[in-house]
Amino acid sequence: MMVDILGYIAATLTTTSFLPQAILTIRTRDTDALSLTMYSTFTLGVLCWLIYGIYLANNVIIVANAITLFLAMLILSFKVYNTFFKQ
Numbered sequence: 023m024m025v026d027i028l029g030y031i032a033a034t035l036t037t038t039s040f041l042p043q044a045i046l047t048i049r050t051r052d053t054d055a056l057s058l059t060m061y062s063t064f065t066l067g068v069l070c071w072l073i074y075g076i077y078l079a080n081n082v083i084i085v086a087n088a089i090t091l092f093l094a095m096l097i098l099s100f101k102v103y104n105t106f107f108k109q
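The numbers in our numbering rise by one with no breaks, and the one at position 20 of the sequence shown is 42.
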């Protein structure tokens, strides 16, 4: 169906748009310019989308948000470490 193709295109674009930030954060470990509140809220929102997708058994929502959740949690973990544990 056409709507499924649109869903896959949207999921691909939004998920891959997150890759540059994740790669940059992994490479540099620099999170000074990132908002802890924003990344915490965003990560929680992505988790909710993932749960929603699982509830609906919608593979597009599940796959896109599982990948984005992994990347967001990675960035968030660097931010939390740099904010609270790095001297």
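Ideal Cβ positions, reconstructed from N, Cα and C, are used throughout, including at glycine.
When DSSP states are grouped into helix, strand and coil, THR36 belongs to the helix group.
With a cutoff of 8 Å on beta-carbon distance, LEU58 and LYS101 are scored as near each other.
Taking ALA94 as reference, the option from LEU69, ALA33 and GLY75 with the minimal CA-CA separation is LEU69.
Residue state for ASP52 is assigned as coil, using DSSP reduced to three classes. Leaving aside the five residues that flank LEU96 on each side, the residues in its chain whose CB is nearer than 8 Å to its CB run, in chain order, ALA44, THR47 and ILE48. Within the model, the alpha-carbon separation for THR65 versus ALA33 is close to 16 Å.
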